[in-house]
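Enquirer: Sequential numbering from 1 applies to the sequence shown in the working numbering. C-beta: ideal position from N, C-alpha, C; glycine also. Once you've had a glance at the structure underneath, I'll fire off some questions.
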Amino acid sequence: MSFASFNLPIALSNVLSKQNIKSPFPIQQEVIPLAMDGKDVLGIAKTGSGKTLAYVLPILTKLNFFPEARNRQPQVLILVPTRELSQQVLEVFKLFVDTNRNHSKTMAVFGGTSVNPQMQGMGEVKILVATPGRLLDLVSSNALKLSSLQLLVIDEADKILNANFKKELDEILKIIPGTAQKLLFSATLSPDVQKLKQLYLNKPSIIHIEQKEEKVELIKQSAYAVEANQKGPLLRYLIKSKDLKQVMVFTSSITSANKVADKLRKNGIDALAVHSKKSQHARNQALSDFRDGKVNVLVTTDLLSRGIDIEYLPFVINYELPRSPKDFVHRIGRTGRAKHAGEAISLISKEESHHFEVIQKKINYKITLTEIENINLHGY
C-alpha cells in the first residue's frame with residue numbers, strides 16, 4: 001500500500017514524496033481512512049509507531065471542509081501529556097505549513113512558560129496542540145473557546161492519565177461539543193482508557209497495532225570510550241578516515257547540534273544542523289541536499305526522527321546518548337533497512353558509561369566498547 005491510495009491533496013502528497021515517505025505504517029493504514037471518513041477511533045500503538053502522521057494527514061485534508069474558524073475558537077485540538085511531545089507534534093505539522101494555506105495558524109501551548117504570549121497568539125489559531133493544564137488556563141481566562149471544535153485528538157492518553165491529568169481531561173471533554181470527531185491514541189488499553197472510550201467516543205473503531213521488535217542485531221554496532229572534549233575530534237576522524245558518506249549524527253540538544261555541525265564545516269566536512277529552530281524551508285532544503293548527496297552529514301536532535309522518515313541511512317552516529325533505550329533503538333533503526341548494510345556508532349564519555357550499560361541491558365544487546373588510546377586525533 002502507498003499513500004496514494006488515501007487520495008490526499010496534491011500538496012500533502014508532494015511533501016510526503018519530497019520527504020521520501022512512501023509507504024504508510026500499519027497504524028497509518030488503519031487510521032487514516034477511518035479518520036478521513038469522520039469516524040471516532042481508538043488506536044492502541046506504541047510510541048514510534050507512526051501515529052502522529054496517522055492523524056496529521058486527515059486533519060490537514062479535512063481542514064478545508066470545516067466551517068470557517070471564529071476568533072479564538074480552534075477547529076482542531078490535539079491534547080498531549082508533555083511540552084516535549086507538543087513540540088514534536090508541531091514539528092510534524094510544520095512539514096506541511098508552506099503547502100496548505102488554511103494551515104497558516106497552528107500553535108502549541110504548554111505550561112512552564114509565560115501564558116501571556118500564548119494568550120495573544122490565540123486570535124486566528126485553527127489547530128491547537130496543548131497540554132491539559134495550560135489549555136484549561138487559557139479557557140478559564142477566556143483566551144479561547146472550544147465550542148466550535150470539529151476534531152479532537154488525545155495523543156498518549158495513558159500518559160495523560162498517569163500524569164494526574166485525569167480531572168483536567170474530564171473537564172476538557174465535558175466542554176467539547178459532542179458532535180466533534182474524536183481520535184484517541186494510547187500505548188495500552190488500561191481501564192482508564194477504556195472508560196474514556198465508553199464515556200466520550202461515539203461507536204469508535206478500535207485499532208490495535210502489535211509493536212514489532214526492531215532487529216538491532218541486523219545493524220553493525222560499535223562504540224568508543226572517549227573523554228567528552230575528544231568527541232568532536234573523534235567524530236571528524238571517523239568520518240574522514242573511514243570516508244563515511246550520508247551520516248546522520250544525533251545530539252542531545254539544539255545547541256550541541258549547531259556546535260557539532262559548525263566544527264565539521266570548519267574542518268572541511270559538508271554538514272548541516274537540522275532542528276526545530278531552523279526555518280521550514282531550511283529544513284526541507286537540508287533534507288533534500290542530504291538525500292541528493294550534496295550534504296554529507298546531518299546533525300540533528302531526536303525531534304527530527306518523529307514523523308519524518310528517511311528510507312535508508314548507511315551510518316548513524318550517537319554523538320550523545322538519548323534519554324531512553326527506546327530512543328536509542330529508534331535512532332539506530334534508521335540504518336540497516338531494506339537489505340542494505342548499516343552501521344551505528346556511539347561515542348561514550350565517562351559520564352554516559354552507566355547510562356550506556358542500562359541501554360545495552362534494556363535492548364538485550366552487548367556492544368563492544370573500544371578505547372581510543374591508539375588513535376591519533378592530532379589535526380582533527
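(1) Can you tell me whether DSSP reads Tyr365 as helix, strand or coil?
(2) Could you tell me the alpha carbon to alpha carbon distance between Gln19 and Phe96, rounded to whole angstroms?
(3) Kindly indicate which three-state DSSP category Arg236 falls into: helix, strand or coil?
(4) Put Glu343 into one of helix, strand or coil per three-state DSSP.
(5) Can you tell which of Leu8, Leu173, Ile359, Ser17 has its C-alpha closest to the C-alpha of Pro322?
(6) Does Ala273 come out as helix, strand or coil in the three-state DSSP assignment?
(7) What do you reckon, are the CB atoms on Lys220 and Gly342 nearer than 8 Å?
(8) So is Asp155 buried or exposed if we call it buried at 16+ other beta carbons inside 10 Å?
(9) If you run the structure through DSSP and keep just helix, strand and coil, what is Phe328?
(10) Measure from the C-beta of Val109 to each C-beta in chain C and report whether the shortest distance is under 8 Å.
(11) Would you decide whether Phe6 is buried or exposed? Buried here means 16 or more other CB atoms lie within 10 Å of its CB.
(12) Could you name the residues of the same chain whose beta carbon sits closer than 6 Å to that of Ala228, not counting the 5 residues immediately before and after it, in chain order?
(13) Can you tell me where the beta strand (DSSP E) with Asn318 in it begins and where it stops?
(14) Taking C-alpha atoms, which residue in Arg236, Lys126, Val129, Leu173 lies nearest to Ile375?
(15) With a threshold of 8 Å on Cβ separation, who are the neighbours of Pro314 within its own chain once the five nearest residues in sequence on each side are excluded?
(16) With DSSP collapsed to three states, give me the class of Thr61.
(17) Check the C-beta distance from Leu184 over to Lys197 and give it rounded, since I have them as a contact under 8 Å.
(18) Is the CB-CB distance between Leu136 and Glu171 below 8 Å?
(19) State the CB to CB distance for the pair Ile254 and Thr301, rounded to an integer number of angstroms; the pair is presumed to be in contact (CB under 8 Å).
(20) Could you name the residues of the same chain whose beta carbon sits closer than 6 Å to that of Gln370, not counting the 5 residues immediately before and after it, in chain order?
(21) Just how far apart, CA to CA, sit Val80 and Pro33?
(22) Inspect the beta-carbon positions of Leu146 and Ile175 and report whether they are closer than 8 Å.
(23) For Leu8, which residues of its own chain have a beta-carbon under 7 Å away from its beta-carbon, when the five flanking residues on both sides are left out?
(24) Classify Ala69 as helix, strand or coil using the three-state DSSP reduction.
(25) Start and end of the alpha helix (DSSP H) containing Tyr380?
(26) If you draw a straight line from the alpha carbon of Lys461 to that of Asp262, how long is it in whole angstroms?
(27) Taking 6 Å as the limit between beta carbons, can you name the residues of its chain near Val76, skipping five residues before and five after?
(28) At what residues does the beta strand (DSSP E) containing Asn119 begin and finish?
(29) To test your reading of the DSSP string, which unbroken beta strand (DSSP E) runs of 3 or more residues are found completely within the stretch 116–164?
(30) Glu168 and Gly111 - do their beta-carbons sit closer together than 8 Å?
(31) Look up Val358 in the DSSP assignment and say whether it is helix, strand or coil.
(32) Within the continuous alpha helix (DSSP H) that includes Ile414, where are the two ends?
(33) Any idea what DSSP makes of Lys87, helix, strand or coil?
(34) Which residue or residues does DSSP assign as beta-bridge partners of Tyr224?
(35) What is the DSSP secondary structure of Gln285, reduced to helix, strand or coil?
(36) Ile27 and Ser186 look like a contact to me (Cβ under 8 Å); what is the Cβ gap, rounded to whole Å?
Expert: Reading it off the structure:
(1) As a first step, residue 365 must be located in the sequence shown, where it is residue number 365. DSSP places Tyr365 in coil when its eight states are reduced to three.
(2) Your numbering for residue 19 matches position 19 in the sequence shown. Your numbering for residue 96 matches position 96 in the sequence shown. Near 11 Å, if we compare the C-alpha coordinates of Phe96 and Gln19.
(3) For this step, residue 236 is matched to residue 236 along the sequence shown. Three-state result, Arg236: helix.
(4) One-based indexing of the sequence shown puts residue 343 at position 343. Note: Glu343 maps to strand in three-state DSSP.
(5) Locating residue 322 in the sequence shown gives position 322, counting from the first residue. It is Ile359.
(6) As a first step, residue 273 must be located in the sequence shown, where it is residue number 273. If DSSP states are grouped into helix, strand and coil, Ala273 belongs with the strands.
(7) The residue you call residue 220 lines up with position 220 of the sequence shown. The residue you call residue 342 lines up with position 342 of the sequence shown. Cβ atoms of Lys220 and Gly342: closer than 8 Å.
(8) Numbered from 1 along the sequence shown, position 155 holds the residue referred to as residue 155. Counting Cβ neighbours within 10 Å, Asp155 comes out buried, since at least 16 surround it.
(9) What you label residue 328 is simply residue 328 of the sequence shown in a count that begins at 1. Looking at Phe328 - three-state DSSP - the assignment turns out to be helix.
(10) Here there is only one protein chain, and chain C is not present.
(11) Mapped onto the sequence shown, residue 6 falls at position 6. Buried: at least 16 other Cβ atoms inside 10 Å.
(12) The residue given as residue 228 occupies position 228 in the sequence shown. So the qualifying residues of the chain are Ser349.
(13) On the sequence shown, position 318 is the one that residue 318 refers to. That run of the beta strand (DSSP E) goes 315–318.
(14) Reading the sequence shown from its first residue, position 375 is the one you call residue 375. For the residues Arg236, Lys126, Val129, Leu173, the minimum Cα distance to Ile375 belongs to Arg236.
(15) Reading the sequence shown from its first residue, position 314 is the one you call residue 314. Hits under 8 Å: Leu244, Lys245, Gln246, Val247, Thr335, His340, Ala341, Gly342, Glu343.
(16) Sequence index remark: in the sequence shown, residue 61 carries index 61 (1-based). Thr61 falls in the helix class under three-state DSSP.
(17) Here residue 184 corresponds to residue number 184 of the sequence shown, with the count starting at 1. Here residue 197 corresponds to residue number 197 of the sequence shown, with the count starting at 1. About 7 Å; that satisfies the 8 Å criterion.
(18) Translated into positions along the sequence shown, residue 136 becomes position 136. Translated into positions along the sequence shown, residue 171 becomes position 171. Yes, the Cβ-Cβ distance between Leu136 and Glu171 is below 8 Å.
(19) By 1-based counting over the sequence shown, the position of residue 254 is 254. By 1-based counting over the sequence shown, the position of residue 301 is 301. At roughly 6 Å, the Cβ-Cβ gap stays under 8 Å, so Ile254 and Thr301 are in contact.
(20) In the sequence shown, counting from the first residue as 1, residue 370 sits at position 370. The sequence shown places Thr at residue 370, not Gln. So the qualifying residues of the chain are Tyr224.
(21) Working through the sequence shown from its first residue, we reach residue 80 at position 80. Working through the sequence shown from its first residue, we reach residue 33 at position 33. Going by the C-alpha atoms only, they are around 23 Å apart.
(22) Walking along the sequence shown from the start, residue 146 turns up at place 146. Walking along the sequence shown from the start, residue 175 turns up at place 175. Yes, the Cβ-Cβ distance between Leu146 and Ile175 is below 8 Å.
(23) If you number the sequence shown from 1, residue 8 lands on position 8. If we look at Leu8 and ignore the five residues flanking it on each side, its Cβ neighbours are Leu57, Thr61.
(24) Here the question's residue 69 lines up with position 69 in the sequence shown. Residue state, collapsed to three classes: coil.
(25) What you label residue 380 is simply residue 380 of the sequence shown in a count that begins at 1. Segment: none, Tyr380 is in no alpha helix (DSSP H) and carries neither H nor E.
(26) Only positions 1 to 380 of the chain appear in this structure, which leaves residue 461 out of reach.
(27) As a first step, residue 76 is located in the sequence shown; it is residue number 76 there, counting from the start. Excluding positions up to five away in sequence, the list reads Ile59, Ile127, Leu151.
(28) For the purposes of this step, residue 119 is identified with residue 119 of the sequence shown, where counting begins at 1. It should be noted that the sequence gives Met, not Asn, for residue 119. Taken as a continuous stretch (DSSP letters only), Met119 belongs to no beta strand (DSSP E), being part of the alpha helix (DSSP H) at 115–120.
(29) 127–130, 151–154
(30) The count along the sequence shown starts at 1 and reaches residue 111 at position 111. The count along the sequence shown starts at 1 and reaches residue 168 at position 168. No, they are not a contact pair.
(31) One-based indexing of the sequence shown puts residue 358 at position 358. DSSP places Val358 in helix when its eight states are reduced to three.
(32) Residue 414 lies beyond the stretch modelled for the chain, which goes from 1 to 380, so this question has no answer here.
(33) On the sequence shown, position 87 is the one that residue 87 refers to. Contrary to the premise, residue 87 reads as Gln rather than Lys in this sequence. Reduced to three states, the DSSP call for Gln87 is helix.
(34) Along the sequence shown, read from residue 1 onward, the residue named residue 224 stands at position 224. DSSP lists Leu347, Thr370 as partners of Tyr224.
(35) Locating residue 285 in the sequence shown gives position 285, counting from the first residue. Residue state, collapsed to three classes: helix.
(36) One-based indexing of the sequence shown puts residue 27 at position 27. One-based indexing of the sequence shown puts residue 186 at position 186. Contact doesn't hold; Cβ gap of about 12 Å is too wide.
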